[in-house]
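Here is the structure we will look at.
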Amino acid sequence: MSDEANKGLLSPLRRKLLMGMAAVPAITMLPRASFAQAPATSAVNTTGLAVTDTEVTVGILHSATGTMAISETGSIEAEKLAIEQINAMGGVLGRKIKFIQEDGASDWPTFAEKAKKLLVNDKVAAIMGCWTSASRKAVLPVMEQYNGMLYYPTFYEGLEQSKNVIYTGQEATQQILAGLNWIAKEKGAKSFFFIGSDYIWPRTSNKIARKHVENVLKGKVVGEEYYPLGNTQFNSVINKIKLTKPDVIFTDVVGGSNVAFYKQLKAAGIDLSKQALLTISVTEDEIDGIGGENIAGAYACMKYFQSLDNPNNKAFVPAFKKMWGEKTVIGDVTQAAYLGPWLWKLTVEKAGSFDIDKIAAASPGIEFKGAPEGYVRIHENHHLWSKTRVGRAKLDGQFELIYETADLVEPDPFPKGYQ
Amino acid sequence: MFGDYSLGDLGSIFVMQGFAGLILFSVYVLMALGLAIIFGQMGVINMAHGEFMILGAYVTWMTSNFFQSYLPSLFSGYFFLAMILAFVASGALGMLVEWVLIRHLYKRPLDTLLATWGLSLMLQQAYRSVFGAREVGVELPQWMLGSLHVTDSIEVPINGVFVMCLTVLITVGVAYVMYKSRWGRQVRAVVQNRIMAGAVGINTEKVDRYTFGLGCGIAGVAGSAFTMIGSTGPTSGQLYIVDTFLVVVFGGAASLLGTIASAFSISQTQSTLEFFLSGSMAKVLTLLAVVGILMLRPQGLFALKVRK
Chain A
1 MSDEANKGLL SPLRRKLLMG MAAVPAITML PRASFAQAPA TSAVNTTGLA
51 VTDTEVTVGI LHSATGTMAI SETGSIEAEK LAIEQINAMG GVLGRKIKFI
101 QEDGASDWPT FAEKAKKLLV NDKVAAIMGC WTSASRKAVL PVMEQYNGML
151 YYPTFYEGLE QSKNVIYTGQ EATQQILAGL NWIAKEKGAK SFFFIGSDYI
201 WPRTSNKIAR KHVENVLKGK VVGEEYYPLG NTQFNSVINK IKLTKPDVIF
251 TDVVGGSNVA FYKQLKAAGI DLSKQALLTI SVTEDEIDGI GGENIAGAYA
301 CMKYFQSLDN PNNKAFVPAF KKMWGEKTVI GDVTQAAYLG PWLWKLTVEK
351 AGSFDIDKIA AASPGIEFKG APEGYVRIHE NHHLWSKTRV GRAKLDGQFE
401 LIYETADLVE PDPFPKGYQ
Chain B
420 MFGDYSLGDL GSIFVMQGFA GLILFSVYVL MALGLAIIFG QMGVINMAHG
470 EFMILGAYVT WMTSNFFQSY LPSLFSGYFF LAMILAFVAS GALGMLVEWV
520 LIRHLYKRPL DTLLATWGLS LMLQQAYRSV FGAREVGVEL PQWMLGSLHV
570 TDSIEVPING VFVMCLTVLI TVGVAYVMYK SRWGRQVRAV VQNRIMAGAV
620 GINTEKVDRY TFGLGCGIAG VAGSAFTMIG STGPTSGQLY IVDTFLVVVF
670 GGAASLLGTI ASAFSISQTQ STLEFFLSGS MAKVLTLLAV VGILMLRPQG
720 LFALKVRK
């Protein structure tokens, strides 16, 4: 296995240290292990899922190949880590979790096909998977038709809710509004320039952001620009930014374009320590490719940063690095993916059953106190209550936490007044 | 839209926008030159062109890492060595590919399209397995970052100037090799009439291999230069392939001058439209214009007069 190879990179001494660091808080952080006698399979599995007396099978469905592999690799790693940790403390209802990994190959119909295979042939008890909205939209009808359970990790545009999906990332209002409020208050920002990649997530997010800027913050949007996915030339829009001199540049550019955008911004002499820039699309993962020196000073609005200072995260980060290598970084979505298996385990234990209908019904109210981002709870609408945080990018590619909301922010996938 | 701005503002924006257009022009020429040689001179539709570029980018990344670890004192100059290594690596891979794959397909030009498409997928997966799925960040020496401060509102990106100089240098080099050197004469002879060229003693197989290698090598240099402005990941090459073909086809396949003229007109149209409209709209209109012109002039802007 590839994680064996990665482990070899660490010196034995260091590995011991890391294990020590990981173990101490892990015991306090993880919910109580269930050492009780495992309940009978016939009682906990009435719908023919792949559950035996000793094992339960789940699916992992991400792109390990194709363009999206860049982003989805982190999610796969996080889910495997969570499964390994859960198994190490006794599994779910006394059963070890076994996973079947399928490759969506960055192709949406393939995602749907593989989801169907996982549900119909493998009878998996849950699927951790999907990343882009396009892949989720492709998989959703399959999940609903064959009554599966999907744990979806990415922050996304909202406007969706399903009995068969738990959204462990933020929907748009959770991600955007608090960040805009903060920057308006902190920087006295009145004028905003929006720039995004041209597809549903940036367009929906910017629509919400524009309404908020105009109606709530009483500010002005001086420009709103979209570039095709994969665009590599941003000099014209950078000139427009220079001409309009906005207080804040608000960006949701994704993928390889991101790298080009920040490199060219820096080359054009825009100094991010003077020009405020708020992004909702750059995590530690992206900075790896962008280069810390090109983005230092920019603000990102997320719910998780690798640098978060809390006991859960201090156990999570070393455990992740121990499994996947010292150099790996952990972005917002990677953390959200890590929540999936844990939330599923907690829900199954609360429901006392692997049956999908019982899990769907038991999900609202599930609390996970061991989340690296802090405490999270599942809402009636199957999204998570979570905090919104603003971080400032540093030269070393990490974020420094600048602001976090005092309370958990309620998920609101169908925000009134923002559509 | 100009009502709110002072004349000074507008003046400097036009200057900046002019630079933006020139930089885009250099980028287009640089990425299209290699393909212009391979597609233009040899008639091979090389869908893996972007992957040869990314090989150059990865070589640059490795060189940068090597210098940081072992020769930090020479770091500020590593980029020049990296470009040479990128040329050698992509060129060598190109020659290998020509020998293994392309030379069997010269008589079936459409099959080269499929074969090189397959090759591009294989290379992407190879990069993913070797370098990891995530993008890598290529660290640049300090002097290549930032901008030249001309006035308060006019700032010229250094990496843009660097790409421009490099483009001029490589274009002049290629023009010299193709039109002045003995080897260039052989290449053109093979293109015009392979059998006669062979009959007068030109080793046509060797010429083919070196031509393909040269085209790929230039792609490698372009990829190396683009680490300054774009991303380096397994699939980054895909970002360039459409624009590259657009420039070469629009220019007229067999003409170096055509490639340059087409890069110029496409980049200027694109960057002007981008300024007045949004990015996506500019792209749509540019593509529409190109399609319209190609319908009137299927052979492209400049075409060699050939006897049909």
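In order, the protein sequences belong to chains A and B. Just so we're aligned: 78 in the numbering used here is position 78 of the first sequence, and the numbers increase by one with no gaps anywhere. Here the numbering used here runs 419 ahead of the position in the second sequence, where the first position is 1. Backbone N, C-alpha and C fix where the C-beta goes; we use that ideal spot for every residue, glycine too.
Residue 326/A versus 171/A, 317/A, 222/A, residue with shortest Cα-Cα distance: Along the first sequence, one-based indexing puts residue 326/A at 326. Shortest Cα-Cα distance from residue 326/A to any of 171/A, 317/A, 222/A involves 317/A.
Runs of beta strand (DSSP E) lying entirely within the stretch 231–310 of chain A, each at least 3 residues, in chain order: Fully enclosed beta strand (DSSP E) runs of 3 or longer: 248–252, 276–279, 299–302.
Rounded to the nearest angstrom, how far is the Cβ of residue 577/B from that of residue 564/B, given a contact under 8 Å? Within the second sequence, residue 577/B is the residue found at index 158, counting from 1. Within the second sequence, residue 564/B is the residue found at index 145, counting from 1. Correct: roughly 7 Å between the Cβ atoms.
Taking the C-alpha atoms as reference points, what is the distance between residue 558/B and residue 480/B? Within the second sequence, residue 558/B is the residue found at index 139, counting from 1. Within the second sequence, residue 480/B is the residue found at index 61, counting from 1. Roughly 8 Å between the two C-alpha positions.
Using the C-alpha atoms, what's the distance from residue 714/B back to residue 671/B? The residue labelled residue 671/B in the question sits at position 252 within the second sequence. The residue labelled residue 714/B in the question sits at position 295 within the second sequence. Going from the Cα of residue 671/B to the Cα of residue 714/B covers about 13 Å.
Please tell me whether residue 426/B has its Cβ less than 7 Å away from any Cβ of chain A. Within the second sequence, numbered from 1, the residue matching residue 426/B stands at position 7. No, no contact with chain A.
Expressed to the nearest angstrom, what Euclidean distance is found between the alpha-carbon atoms of residue 55/A and residue 150/A? Here residue 55/A is taken as the residue at index 55 of the first sequence, counted from 1. Here residue 150/A is taken as the residue at index 150 of the first sequence, counted from 1. A direct Cα-to-Cα measurement between residue 55/A and residue 150/A gives close to 19 Å.
Please list, in chain order, the chain B residues whose beta carbon lies closer than 9 Å to that of residue 110/A. Sequence index remark: in the first sequence, residue 110/A carries index 110 (1-based). Correct list: empty, because the minimum Cβ distance to chain B is about 15 Å.
9 Å Cβ cut-off: residues of chain A touching residue 443/B: By 1-based counting over the second sequence, the position of residue 443/B is 24. Against chain A, a Cβ distance below 9 Å from residue 443/B picks out 233, 235, 236.
Boundaries of the alpha helix (DSSP H) in which residue 211/A is found, first to last residue: Numbered from its first residue, the first sequence carries residue 211/A at position 211. DSSP places residue 211/A in the uninterrupted alpha helix (DSSP H) bounded by 200–211.
Reducing DSSP to helix, strand and coil, say where residue 392/A ends up. The residue given as residue 392/A occupies position 392 in the first sequence. Of the three classes helix, strand and coil, the one that applies to residue 392/A here is strand, per DSSP.
May I have the straight-line CA-CA distance separating residue 254/A from residue 117/A, to the nearest angstrom? Taking the first residue of the first sequence as 1, we reach residue 254/A at position 254. Taking the first residue of the first sequence as 1, we reach residue 117/A at position 117. Those two C-alpha atoms are separated by around 30 Å.
According to the Cβ coordinates, are residue 593/B and residue 452/B closer than 7 Å? As a position in the second sequence, residue 593/B is number 174, starting the count at 1. As a position in the second sequence, residue 452/B is number 33, starting the count at 1. Cβ distance < 7 Å, so residue 593/B and residue 452/B count as in contact.
For the stretch 347–374 of chain A, which segments carrying the beta strand (DSSP E) assignment without a break, of at least 3 residues, lie completely within its bounds, in sequence order? If you keep only unbroken beta strand (DSSP E) runs of at least 3 residues inside the stretch 347–374 of chain A, you get nothing at all.
If we ignore side chains and look at the alpha-carbon of each, how far apart do residue 67/A and residue 555/B end up? Residue 67/A sits at position 67 when you count from the first residue of the first sequence. Residue 555/B sits at position 136 when you count from the first residue of the second sequence. About 14 Å.
Within 7 Å of chain B by C-beta, residues of the stretch 56–85 of chain A in sequence order: When C-beta distances to chain B are compared with 7 Å, the residues of the stretch 56–85 of chain A below that value are 65, 67, 69, 70, 73, in chain order.
DSSP puts residue 192/A in a beta bridge; with which residues? As a working mapping, residue 192/A is identified with position 192 in the first sequence. Beta-bridge partners assigned by DSSP to residue 192/A: 221/A, 248/A.
For the stretch 576–597 of chain B, which residues have a CB atom closer than 9 Å to at least one CB atom of chain A, in sequence order? If the cut-off is 9 Å between Cβ atoms, the stretch 576–597 of chain B has 576, 577, 578, 579 near chain A.
What are the partner residues of residue 197/A, as DSSP defines its beta bridges? To locate residue 197/A, count along the first sequence from 1; it is residue 197. Its beta-bridge partners are 227/A.
In chain A, which residues lie with their C-beta within 8 Å of the C-beta of residue 574/B? Taking the second sequence and counting its residues from 1, the one referred to as residue 574/B is at position 155. Within chain A, 268, 269 have C-beta atoms less than 8 Å from the C-beta of residue 574/B, given in sequence order.
Per-residue DSSP class, three states only, for residue 553/B: The residue you call residue 553/B lines up with position 134 of the second sequence. Residue state, collapsed to three classes: coil.
Can you give the Cα-Cα distance for residue 398/A and residue 372/A, rounded to whole angstroms? Working through the first sequence from its first residue, we reach residue 398/A at position 398. Working through the first sequence from its first residue, we reach residue 372/A at position 372. Residue 398/A and residue 372/A have their C-alpha atoms some 16 Å from each other.
Do you know whose CA, among 138/A, 90/A, 271/A, lies nearest residue 345/A's CA? The residue given as residue 345/A occupies position 345 in the first sequence. A check of alpha carbon separations from residue 345/A across 138/A, 90/A, 271/A identifies 90/A as the nearest.
Do the stretch 382–390 of chain A and the stretch 297–305 of chain A touch if we need at least three Cβ pairs shorter than 8 Å? Yes, the stretch 382–390 of chain A is in contact with the stretch 297–305 of chain A.
What residues are listed by DSSP as bridge partners for residue 96/A? For this step, residue 96/A is matched to residue 96 along the first sequence. Residue 96/A is bridged to 55/A.
Does chain B have any CB closer than 7 Å to the CB of residue 256/A? Taking the first sequence and counting its residues from 1, one reaches residue 256/A at position 256. Cβ-Cβ to chain B under 7 Å: yes for residue 256/A.
Would you mind working out which of 361/A, 130/A, 38/A sits nearest residue 59/A, comparing C-alpha positions? In the first sequence, residue 59/A corresponds to position 59, counting from 1. Distances from the CA of residue 59/A to each of 361/A, 130/A, 38/A were compared; the closest alpha carbon is that of 130/A.
Beta-carbon of residue 649/B versus every beta-carbon of chain A: anything under 7 Å? The sequence position of residue 649/B within the second sequence is 230, counting from 1. Yes, its Cβ sits closer than 7 Å to a Cβ of chain A.
Proximal residues to residue 187/A (C-beta, below 8 Å), its chain only, five neighbours per side dropped: Your numbering for residue 187/A matches position 187 in the first sequence. Contacts found: 247, 248, 276.
As an exercise, report each continuous beta strand (DSSP E) stretch of at least 3 residues that is fully enclosed by the stretch 521–599 of chain B, in chain order. Fully enclosed beta strand (DSSP E) runs of no fewer than 3 residues occupy 566–568, 574–576 of the stretch 521–599 of chain B, in order along the chain.
Hey, quick one: how far does the alpha helix (DSSP H) through residue 432/B stretch, first residue to last? Walking along the second sequence from the start, residue 432/B turns up at place 13. Taken as a continuous stretch (DSSP letters only), the alpha helix (DSSP H) holding residue 432/B covers 426–454.
Let's test the definition: count the other Cβ atoms within 10 Å of the Cβ of residue 710/B and tell me whether it reaches 16, buried, or not, exposed. Against the second sequence, residue 710/B aligns to sequence position 291. The residue is exposed, with fewer than 16 neighbouring Cβ atoms inside 10 Å.
Rounding to the nearest angstrom, what Cα-Cα distance links residue 22/A and residue 331/A in this structure? The residue given as residue 22/A occupies position 22 in the first sequence. The residue given as residue 331/A occupies position 331 in the first sequence. Unreliable placement is indicated for residue 22/A, whose pLDDT of 46 sits below 50; the coordinate value is still reported in the next sentence. Approximately 19 Å, taken between the alpha carbons.
Other residues of its chain near residue 24/A: CB distance less than 7 Å, five sequence neighbours each side excluded: Taking the first residue of the first sequence as 1, we reach residue 24/A at position 24. Bear in mind that the predicted position of residue 24/A carries a pLDDT of just 45, short of 50, making it unreliable; the figure below should be weighed with that in mind. Contacts found: none.
Is DSSP giving residue 101/A helix, strand or coil here? As a first step, residue 101/A must be located in the first sequence, where it is residue number 101. DSSP places residue 101/A in strand when its eight states are reduced to three.
Residues sharing a beta bridge with residue 386/A, DSSP: Residue numbering aside, residue 386/A sits at position 386 when the first sequence is read from its first letter. In the DSSP assignment, residue 386/A forms a beta bridge with 409/A.
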